[in-house]
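Colleague:
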Amino acid sequence: MRPDQMAPPYSASSNEVDEPKFQENQQVRQENDQSPGGENCKIAEKKIGGWKVATVLLVNQALATLAFFGVGVNLVMFLTRVLGQSNAEAANNVSKWTGTVYAFSVIGAFLSDSYWGRFLTCSIFQLIFVVGLGLLSLSSWLFLINPLGCGAEEKPCHAPSTLGVVTFYLSIYLVAFGYGGHQPTLATLGSDQYDEKIPRQKKSKEAFFFYFYVALNVGSLVSNTVLVYYEDTGNWTLGFGVSLASAVIAFLSYLCGTPWYRYVKASGNPVVRIAQVFMAAAKKWGIESPGAEDLYEVEGPGSAIKGSRKIQHTDGLKFLDKAATVTKEEVNEPIDPWRLCTVTQVEEAKSVLRMLPVWLCTIIYSIVFTQMASLFVEQGDVMHAYIGDFKIPAASMTVFDIFSVVICTAFYRQIMAPIAGRLSGNPSGLTALQRMGIGIIVGMLAMVAAGITEIMRLRKVTPGTKYSSLSIFCQAPQYILVGCSEIFMYVGQLDFFNGQAPDGIKSLGSSLCMASIALGNFVSSLLVTLVMAITARDGKPGWIPNNLNRGHLDRFYFLIAILSAIDFVIYLFCAKWYKSINVYEGEEDEASIELQGSEHGSAAADRVINRV
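Sequential numbering of the sequence shown, starting at -8, is according to this note's numbering.
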């Protein structure tokens, strides 16, 4: 609703509204808050965007992922062989580190949306990523790999020095900060290269998220095969050096695309905006909200949030509508953003509240995903892993996950999506929420498969050793199922949170996917600790002891499967309750707003006259 068409006071004895003064106050706020030129989602026209520059970002993603997983995928082996940690301790430390990686994504997304913008945020955090890898390569060579070539299975390293351990942890957490900080912003920068108002480009944007995840897996394919092999044989310094070189090339390739990127302006601090909505609603708790047509919105095509489109009012969470309700005391006073907010600002807060339950339901799935970097590797390390005289590194089994991602992506886009589209009438095939639900189910099946594999492994343990005669390839089904579930869950999350997040918090929306992985890692670490505390009593080894042959890793996997089943039931209710965001698009929509606003304004004026 336009500022000269505001709702009347609510008391029948109210004074007459000073309309010109109120309009002047609203105009001042609009001029102060709106992005220059009054355009929505300001994008520099000279930047071409599209697939040409998006391909640069996909290459960057593949190279950066190669560098990251060159460290992360075999980190649990580094901790046990080089630093001498136990299986449970190493698994917990990897979970905490991985969780921190993705927790840092929220920081990067916040800085991107609020102050720095996508390009600068990606640039700074990728530079930190390179510095962290450089320090890791140097510290490993100088302090940890002693004697040279140690860290292989039969060649443990000497006890590390305090300086070596401190430098190591500093370096890997710099890697975590750099990689985590730029990942969600890179995905959002890629989506910025497409104009959603053009149907063909909107479809290309959906495809970009699939290819973005495929690029991630292509990069990890190299690290999970070539680099893991060298690291597993004790060539840790070489592996970390290749990761550093890949990160440097990724950073340079990213900078090469600078002249062709489309740039979206930062929208200011979203935390403050959302806090203003809750504060304003709390201050007006005792008043009754009017109809949607009488709620406050700025005049003109642009919203009060810099660089963002207006959002249509939605029913539900009506207590927040009080923040956009004009009282008689506010009519003749300058606008106080902590007492009066626009409909768009209120809907931004509503969208965050609506996404939270869906997001929380993805955390249990992330526990499933976390096992690939920890317990799956430890399980594979005590299985028969030879083809002739060649030993397959346990971490290399993730190639089955990667191939599964690539194949499932092609299957979904070429076969499943068209069929689902014809049956449902949705051009995109399955909705993002439907895909995420499928991901939870497939992830649960992966845990069941892992548990069955562990039962089979325990039955074929070679007496007097820690190894089983069961082939490591029996792990393939659990890796394949996890890979399939990723396509539905994580690509669905990227699509859902980026699409449903308002313009002013797009990067934060993308970061929710990584934040889910972060909490999944932390919860996984907590779950391991609790399980060991409960099961390792009265002299019992517990479910996840140093010697897995004395434990019951299968029961831990089945426990996660049960948690996933419960999570799926809760998710169904959350998905059914969810209400999508709707933004105004283009000049036609704005003309419609003006027409509706005039009609509502006349009705509001009539009510003012009648009450006075």
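Built from N, CA and C at the ideal position, the CB exists for glycine as well. Bear in mind that the values here come from a model prediction, so they are computed numbers and not experimental data.
Among A271, V219, A492, whose alpha-carbon lies nearest the alpha-carbon of S299?
Modeller: Per the Cα distances, A492.
Colleague: On the three-state DSSP scale, how would you describe A143?
Modeller: Correct three-state label for A143: strand.
Colleague: Tell me which residues share the same chain as Q192 and place their Cβ nearer than 8 Å to its Cβ, disregarding the 5 neighbours each side in the sequence.
Modeller: Taken in chain order, the residues that qualify are G41, Y185, D186.
Colleague: Could you tell me the distance, in whole angstroms, from the CA atom of L539 to the CA atom of E445?
Modeller: If I take the Cα positions, the gap works out to 10 Å.
Colleague: What ranges does the alpha helix (DSSP H) occupy inside the region 251 to 321, keeping only unbroken runs of at least 4 residues that lie completely in it?
Modeller: Entirely contained in the region 251 to 321, the alpha helix (DSSP H) runs reaching 4 residues are, in chain order, 261 to 274.
Colleague: List the whole-angstrom C-beta distance separating P468 from Y220, where the pair is believed to meet the contact cut-off of C-beta under 8 Å.
Modeller: In fact, because the Cβ distance is near 23 Å, the residues do not count as touching under 8 Å.
Colleague: If the criterion is Cβ atoms closer than 8 Å, does the pair L503 and F513 meet it?
Modeller: Result no, Cβ atoms of L503 and F513 do not sit closer than 8 Å.
Colleague: Check H173 in the structure and name its three-state DSSP category.
Modeller: Here H173 sits in helix by DSSP.
Colleague: In whole angstroms, what is the alpha-carbon distance linking L154 and D372?
Modeller: Going by the C-alpha atoms only, they are around 29 Å apart.
Colleague: What is the rounded straight-line gap between the Cα of G225 and the Cα of S128?
Modeller: Each residue's Cα considered, the two are about 14 Å apart.
Colleague: Give the secondary structure of I383 by DSSP, where H, G and I count as helix, E and B as strand, and everything else as coil.
Modeller: Three-state DSSP puts I383 in coil, outside helix and strand.
Colleague: Go through its chain and collect everything with a Cβ distance to K451's Cβ below 8 Å, but skip five positions before and after it.
Modeller: Around K451: S459, S460, L461.
Colleague: For A604 and F367, which I take to be in contact (beta-carbon distance under 8 Å), what is that distance rounded to the nearest angstrom?
Modeller: Limits of the chain in this structure are -8 at one end and 603 at the other, which puts residue 604 out of reach.
Colleague: Name the DSSP bridge partner or partners of Y377?
Modeller: Looking at the DSSP assignment, Y377 forms a beta bridge with K382.
Colleague: Roughly how many whole angstroms lie between the Cα atoms of Q267 and W329?
Modeller: In a straight line, the C-alpha of Q267 is about 5 Å away from that of W329.
Colleague: Quick check on the burial criterion: 16 or more other C-beta atoms within 10 angstroms. Buried or exposed for N31?
Modeller: A caution first: N31 carries a pLDDT of 40, below 50, which makes its placement in the model unreliable, though a value can still be read off. By the neighbour-count rule (16 or more Cβ atoms within 10 Å), N31 is buried.
Colleague: On the DSSP letters alone, give me the boundaries of the alpha helix (DSSP H) that L366 sits inside.
Modeller: Note, L366: alpha helix (DSSP H), 366 to 371.
Colleague: Measuring CB atoms only, is the region 111 to 130 touching the region 55 to 65, in the sense that at least three cross pairs come out at less than 8 Å?
Modeller: Because the criterion of three Cβ pairs below 8 Å is met, the region 111 to 130 and the region 55 to 65 touch.
Colleague: In chain order, which continuous runs of the beta strand (DSSP E) of length 3 or greater are located wholly inside the region 453 to 534?
Modeller: Complete beta strand (DSSP E) runs here, min 3: none at all.
Colleague: Which of the three DSSP states, helix, strand or coil, is assigned to V217?
Modeller: Here V217 sits in helix by DSSP.
Colleague: Compute the Euclidean distance between the alpha carbons of A35 and P190, then round it to the nearest angstrom.
Modeller: Reliability fails at A35, whose pLDDT of 40 lies under 50, so the model's placement of it is uncertain and the value that follows must be treated cautiously. The straight-line gap from Cα to Cα measures roughly 20 Å.
Colleague: In chain order, what residues of the same chain have a beta carbon less than 8 Å from the beta carbon of A178, not counting five sequence neighbours either side?
Modeller: The answer, listed in chain order, is F200, F203, L485, N489, S501.
Colleague: Is N538 helix, strand or coil when you go by DSSP?
Modeller: It is coil, neither helix nor strand.
Colleague: Do C352 and Y569 count as a contact pair if the criterion is CB distance below 8 Å?
Modeller: Cβ distance not < 8 Å, so Y569 and C352 don't count as in contact.
Colleague: Rounded to whole angstroms, what's the CA-CA distance from S131 to P261? Just pull it up for me.
Modeller: Approximately 41 Å, taken between the alpha carbons.
Colleague: Residues in its own chain within less than 7 Å of D580 by CB, not counting five upstream and five downstream?
Modeller: Because D580 carries a pLDDT of 40, less than 50, the predicted location of this residue cannot be relied on, and the following value inherits that uncertainty. Same-chain partners within the cutoff: there are none.
Colleague: Could you tell me which residues DSSP pairs with V574 in its beta bridges?
Modeller: I302.
Colleague: Taking C-beta to C-beta, are Y252 and F159 nearer than 8 Å?
Modeller: Against a cut-off of 8 Å, the Cβ pair of F159 and Y252 comes out as no contact.
Colleague: Cα separation between K87 and G99?
Modeller: If I take the Cα positions, the gap works out to 19 Å.
Colleague: For Q370, count neighbouring C-beta atoms within 10 Å of its own C-beta (all shown protein chains included) and say buried if the count is 16 or more, exposed if not.
Modeller: Q370 should be labelled buried.
Colleague: Could you work out which residue in A552, A506, I496, L518 is closest to I265 when comparing CA atoms only?
Modeller: The candidate whose alpha carbon is nearest that of I265 is I496.
Colleague: Going by C-alpha to C-alpha distance, which of M407, F95, V473, G259 sits closest to I432?
Modeller: Nearest option by C-alpha distance: V473.
Colleague: What does the alpha-carbon distance come out to for the pair E609 and L436?
Modeller: There is simply no residue 609 to check, as the chain begins at -8 and stops at 603 in what is shown.
Colleague: Are Y93 and G172 touching if we call contact CB-CB under 8 Å?
Modeller: Going by C-beta atoms, Y93 is not nearer than 8 Å to G172.
Colleague: Please work out which residues of its chain come closer than 7 Å, Cβ to Cβ, to L544, disregarding the five sequence neighbours upstream and downstream, and give them in chain order.
Modeller: So the qualifying residues of the chain are L366, Q370, E445, W534, I535.
Colleague: Taking the C-alpha atoms as reference points, what is the distance between H304 and A315?
Modeller: Looking at the two C-alpha atoms, the distance is approximately 11 Å.
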